[in-house]
Structure formats: structure tokens, C-alpha cells
Amino acid sequence: MSADRLAIEDLSVFGLPPVEFVQVAAALGCSYISTGLTAMPLDSLGYPPFSLRDDAALRRDMRTAMADCGVEISLEEGFLIIPDLDWDAFAVDLDLMHELGAPRINTLGLDPDLDRTFDQFATLAEMAAERGMQTTLEMMPGSVVGNLDTAVNAVKHVARPDFQLLIDTMHIARSGAGADAIRALDPATIGYGQLSDSPVIESMEDYIVAATFERMIPGTGTLPLADLLDALPRNIPIGLEVPLRSQAEAGLGPLDRLRPCVDTARALIPT
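Letter by letter, the sequence shown follows residues 1 to 271 in full-length UniProt numbering.
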């Protein structure tokens, strides 16, 4: 991993096409991006839909752009655990993500059956490992894995060193956990961090909307970011996940939206 651990997360660019996304990350001086195989762009931004799943030429173009720009994928999104999963489709997606050079995938639990979800995490982690990829589990309020204790229990159930936690500063704070809870974990169980800021948000409905569309530049909200980041291992990627829909719809492009985020993130992330 590059000494600069900062990644630009897919959610921050609202479906910007992959080659342009790589170029934006490079222009911001970032060596990593997270991405998914498809995106649902905001209609108001005018980005064309794309599918890395269906478009082999686009995959080649993205790999070329990454090689030219010195950018790598840090995380692949898109593995939602729901009832009646299509494991054959997951296998195809994992093959494509391996082709793109992804070192890890991320999963979320949206199946209300917690026992089944834990077993599905184990199956997914094994499938990813067969392709040389790690798996991270994102704890998110409102999901079946909505707090740190449940996430830790999932890691214990899967019992693989390549199945780790993704710690998102907004989600961990909303869940009621803090830096001390992170420090109490075995550092080897944490594989990825995501950074953003947030105001105090009362309702869960408003929280989900804010988390998806309107987070805050690090250092401008209420989260104890310095303490949270200090509690994370020093050898993991930190993804900048700061969707700013209001700025985007006001005409501010991804470079101008994200440059202040990158500058403040670099000042906050311990070396």
C-alpha cells in the first residue's frame, strides 16, 4: 500500500464514469478509489449510466487509466446480503472484481435473519478468498448489523483473518460506539476505514438520507474525528466518503467538491 492511505469512495462522486473517476482521484493526489460494477447517477448531473459488469471495453479502459494515473482500487462495493441470494451472480461479479485488481470487497447485512446473514457472510468471504480477495463488513445503523457488538460477533462467527470490519466514522458514532470501543478491538479485525463528518441527526430516516447524499467535509461537523482516526490501525486504507449532493447540484464539480475534503482528511489522518 502507498504511504498515502487516502482513497476516494464511490459514494462521493455520484456515478461519475470510471475513467473520469480515476482521473479525478489522480488529480487530487489520491492513489486509491472504491468502486462498484454499476452506478445509479444523479439524473441532475447528467452522467451516463455504466456497467463494468457488461462492458468489457470499459473494464479495459479503466485498467489502462489506473495504470496511467497510478491509481488502484482499494475496495469493491455491491455485495448486499439479502434473502434468496443469487450466488452464481455473486461469483461472476467476484471474478470481474478480481480482473480489475480489487484487493477486497465490502458487504452489508440486509437480511433480517441474523443467523442466516452470518452464514452468508462466511460463504461470501470464502468465495472472495478463493479469488485472492479480502472481505470487509460494514456496520451501519438501520441494517441488521447495526452496532459494533453485532459486527464483532459476525467476525467471530466467520472466523477468518481475511474477514474484517470496515469502520465508518459516521456510522460508528451514530451507533453509540466511540474511539475507546475501537481501541478495545484486536487491530487485526479492522481492515478498512471510511471518513466523513456529520451533524447531530435525530431521526433514522433523515440519517439514512444524509449518509447517502449529504455528509459533511471532515472537521466541519460534530464527530470526534481525530480521536476516531487515532484509534484505527495505521496500515489500513481510509476512504473519503463525503457525498455532497447540494454542492453537486449547484454545479460544483467533483474536483472542487472533494479538494477541501482531501486537504482536511490528510491533516487528520495519523501517519
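For every residue, glycine included, the Cβ atom is placed at its ideal position computed from N, Cα and C. Treat the numbers as computed from the prediction; the structure is a model and nothing was measured.
When the Cα of residue i is compared with those of the options, which residue comes out closest?
i: residue 243; options: 226, 56, 266, 217; result: 217
i: residue 264; options: 240, 19, 248; result: 240
i: residue 28; options: 122, 185, 184, 8; result: 8
i: residue 88; options: 123, 70, 116, 16; result: 123
i: residue 201; options: 271, 215, 193; result: 215
Spatial neighbours of residue i within its chain, please: C-beta separation below 6 Å, excluding the five flanking residues on both sides.
i: residue 160; result: 125
i: residue 80; result: 108, 110
With DSSP run on the structure shown, which of helix, strand or coil describes residue i?
i: residue 14; result: coil
i: residue 207; result: helix
i: residue 163; result: strand
i: residue 147; result: coil
i: residue 106; result: strand
i: residue 255; result: helix
i: residue 133; result: coil
i: residue 261; result: helix
i: residue 216; result: strand
i: residue 6; result: strand
i: residue 168; result: strand
i: residue 223; result: coil
If you follow the alpha helix (DSSP H) that residue i is part of, which residue opens it and which one closes it?
i: residue 99; result: 87 to 99
Excluding the five sequence neighbours on either side, which residues of its own chain have a C-beta within less than 7 Å of the C-beta of residue i, listed in chain order?
i: residue 190; result: 164, 165, 167, 232, 233, 236
i: residue 37; result: 51, 52, 53, 78, 93, 96
i: residue 162; result: 125, 129, 134, 135
i: residue 144; result: 109, 110, 111, 112, 114, 117
i: residue 127; result: 90, 91, 94
With a threshold of 8 Å on Cβ separation, who are the neighbours of residue i within its own chain once the five nearest residues in sequence on each side are excluded?
i: residue 268; result: 195, 218, 219, 225, 226, 229
i: residue 82; result: 110, 111
i: residue 141; result: 147, 171, 174, 175, 204, 207
i: residue 155; result: 137, 163, 164, 165, 189
i: residue 66; result: 22, 72, 73, 101
How is the beta strand (DSSP E) around residue i delimited, first residue to last?
i: residue 269; result: No beta strand (DSSP E) holds residue 269; DSSP gives it neither H nor E.
Taking residue i and residue j to be in contact with their CB atoms under 8 Å, please state how far apart those CB atoms are, rounded to whole angstroms.
i: residue 42; j: residue 248; result: 7 Å
i: residue 75; j: residue 106; result: 5 Å
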